[in-house]
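Here the structure comes first, spelled out in structure tokens, and everything after it is commentary.
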Amino acid sequence: FGPTHSVAFQRARAKFVRSLAAYSVICFILQIKDRHNGNLLVTSEGHILHIDFGYLFDYSPGGDIRFESAGFKLTKEMIDIMGGSMTSEPFKLFADLCVQGYLALREHAELILNLVELMIESGLPCFKPMSIANLRWRFQLDRSARGAAQFMQEQIVFAYNNLTTRIYDIVQAVQQGIKY
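The sequence shown begins at 1060 in this note's numbering and counts up one residue at a time.
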């Protein structure tokens, strides 16, 4: 995309930030797993794209050992693209968009919970008896909007360069040859 001061880079970074925020919120709510670099693509315009949805809700690679403890992937490299620190303007925009997206989804929590509840008896391995309770917890419906916003901010901090995320990338590199 060129030098960081170029118009092309700034446009690509803006698209990356916005799409990463949406991706992060959706990964958190649906608990999308298997978030190694082989399943994350960046389009020619800068959008981030997850391509494998085989593991979500309460189903994880490796027999549900909960290897990916963060709700979404937020690596040092992603932070570097957003200005290199959690205090950079692009990162602040990312965090703001995550909170806005989370609060917007939260307004529809009961509908989403009802849809997931319909799937519990489907036999799909991602739906387990605790799936509804876990999803309800992620929405933090017992908190005010301000409290829920703080909760999402905490998820961002927890996801930032998370140890289990880094270890999972290393495992994928060793087992599958996927660079990290």
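We put the CB at the ideal spot given by N, CA and C, even for glycine.
Spatial neighbours of residue i in its chain, beta-carbon cut-off 6 angstroms, leaving aside the 5 residues before and after
i: PHE1131; result: SER1083, CYS1086, PHE1087, ALA1218
i: ILE1179; result: PHE1186
i: GLN1199; result: ALA1207, PHE1210
i: PHE1036; result: In this structure the chain extends from 1060 to 1239, so residue 1036 is not present and cannot be described.
i: GLY1105; result: ALA1071, LYS1074, PHE1075
i: TYR1301; result: Given a span of 1060 to 1239 for the chain in the structure shown, any question on residue 1301 remains unanswerable.
Nonlocal neighbours in the same chain, by C-beta distance under 7 angstroms from residue i, ignoring five residues either side
i: PRO1184; result: TYR1118
i: SER1240; result: This structure gives no information on residue 1240, because the portion of the chain shown stretches from 1060 to 1239.
i: GLY1113; result: ASP1093
Identified DSSP bridge partners for residue i
i: LEU1099; result: HIS1109
i: TYR1219; result: LEU1133
Residue i classed as buried or exposed, judged by whether at least 16 other C-beta atoms fall within 10 angstroms
i: ALA1205; result: Ala is not the amino acid found at residue 1205; the sequence shown has Arg there. Exposed: under 16 other Cβ atoms inside 10 Å.
i: HIS1095; result: buried
i: THR1134; result: buried
i: LEU1177; result: exposed
Sequence-distant residues of its chain with Cβ nearer than 8 angstroms to residue i (five each side left out)
i: ILE1107; result: PHE1075, SER1078, LEU1079, TYR1082, LEU1099, LEU1100, VAL1101
i: MET1189; result: ASP1117
Interface flag, residue i vs chain B, CB-CB below 8 angstroms
i: GLN1212; result: In the structure shown, chain B does not exist; there is a single protein chain.
Subject >> At least three beta-carbon pairs within less than 8 angstroms, the segment 1161-1175 to the segment 1132-1144 >> reply: Three or more beta-carbon pairs separated by less than 8 angstroms are not found between the segment 1161-1175 and the segment 1132-1144, which leaves the two stretches without contact.
**OP:** Examine the Cβ distances between the segment 1089-1097 and the segment 1146-1165 and report whether three or more of them are shorter than 8 angstroms.
**Re:** A contact is defined here as three or more CB-CB pairs under 8 angstroms, and the segment 1089-1097 fails this definition with respect to the segment 1146-1165.
Subject >> Those runs of the alpha helix (DSSP H) which lie wholly inside the segment 1142-1197 and span at least 4 residues >> reply: The qualifying runs are 1148-1165, 1168-1178.
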